[in-house]
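According to the working numbering, the stretch in the sequence shown is residues 592 to 850, in order.
Heads up, the beta-carbon is just placed ideally off N, CA and C, and yes, glycines get one too.
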Amino acid sequence: MDLGISGKTALLCASSKGLGFASAKALAEAGVDLVLNARGAEALEAAGEQISKRYGVAVTTVTGDITTEAGRAAVLAAAENVDILVTNAGGPPPGKWTEWTRDDFIGALDANMLAPIAMMQALLPGMMARGWGRVVNITSQSVKGPIPGLGLSSSARTGLTGFVAVTARDIAHTGVVINNLLPGIHATDRAVALDLAMAKRENITVEESIRRRTAGIPVGRFGTPDEFGATCAFLCSQYSGYIVGQNILLDGGGINATF
Ligand code: NAP
C-alpha cells in the first residue's frame, strides 16, 4: 500500500530504540525523510545509519533529553518545518501511590504530558499554515485501563489525552490531524524493564512475570515493534485525514472493554 507520504519529513522524539525506532523504520519505508532523537548518542547514530542505508531516506539525528527545554530547542532547530510529528519519551517508573512525591508527579507530567504538548505547540502552527500535517502521540494502554504500579503513567498520559481531545478538533479543519497510539505490552527494552520490576515486586522469576503478563492478552503474546510502527505510519499517511483525536489501542485485546 502506498501511504502517499513519500518526500515528506517527520520528527520522531525518543526514537533510537523500541516503538519510536520501529515507527521511524515504517515511515522511512514509506519514503519519509527523518529527524531522530534520543539522549544516548551511540544507539541514536546506529539507528540513523541503519535506516538511511536500508531505505535511502535523509536522516538527521539530534541527541538531547526531549523532556527538557534545552533538549526540545535542539531538536526543534533541526526539525522546523516537518510535516509529521511523533511524540514519545520514556515512561515513568512503576511504583506505589503511597510513595510518590510531588517531584515524582512533576517528572511524569514533564515527560509524558508537557513535553509532547510543547512539541505540538511548536510545530502545529507551521503544519496548519501549510495545510497538511500528522501528529501521533505514543501514549499507553494505561490511559484506557489501570495497570498495577503504573499510576504515574496513567495520571500524566490522561492529561495529554485530554489536551489532544480538544486540540485535535480545534485544528481539524486545517488539514492537520492528531491522534494517540496506545501500546499494550510490546517486546522492547521497556517491556523487559517492566518484567524485571514485576519479578522484584512479586518475588517471582522473570519467566513467571512474562507468563503472568502474557496471560492477560487474548492474542497470547507481546506485540512486535514492527506491528506498532506500521500502525503509526498509517496514522501519518494520506489516508488518515478523517481519523481525528482518536485513542487507538494496540494491546492484543488486553483491555477487556466493549468500546
Ligand atoms: P524503549 O524500548 O525503552 O525505548 C525508549 C526510547 O526512547 C529509546 O530510544 C531512548 O533512548 C529514548 N528516550 C527515552 N527517554 C528519552 C528522553 N527523555 N529524551 C529523548 N529520548 C528518550 O521504550 P518503548 O518500549 O519503545 O516505549 C516507548 C514509550 O511507550 C514509553 O513511554 C513507554 O512507557 C510506552 N509504552 C511502552 C509499552 C511497551 O510494552 N513497550 C507499553 C505501554 C507504553 P535514550 O535512552 O538513549 O534516550
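- Residue nearest to W688 within the set L743, R645, S607 is L743 (criterion: CA-CA distance).
- In this structure, the beta-carbon distance from A670 to L602 falls below 8 Å.
- Residue pairing by DSSP places A601 opposite L625, I675 in a beta bridge.
- Around the C-beta of I657, 16 or more other C-beta atoms lie within 10 Å, and the residue is accordingly described as buried.
- For D817, the distance from the CB to the nearest heavy atom of the ligand NAP is not below 7 Å.
- Contact annotation, L772 with I839: C-beta distance approximately 5 Å; criterion of less than 8 Å satisfied.
- Closest in C-alpha terms to A756, from the list S606, V835, R663, comes V835.
- Here DSSP, grouped into helix, strand and coil, assigns I738 to coil.
- Between L841 and G775, the beta carbon gap of about 6 Å places them in contact (Cβ cut-off 8 Å).
- Put simply, of T765, L618, Q712 the residue whose alpha carbon is nearest the alpha carbon of A720 is T765.
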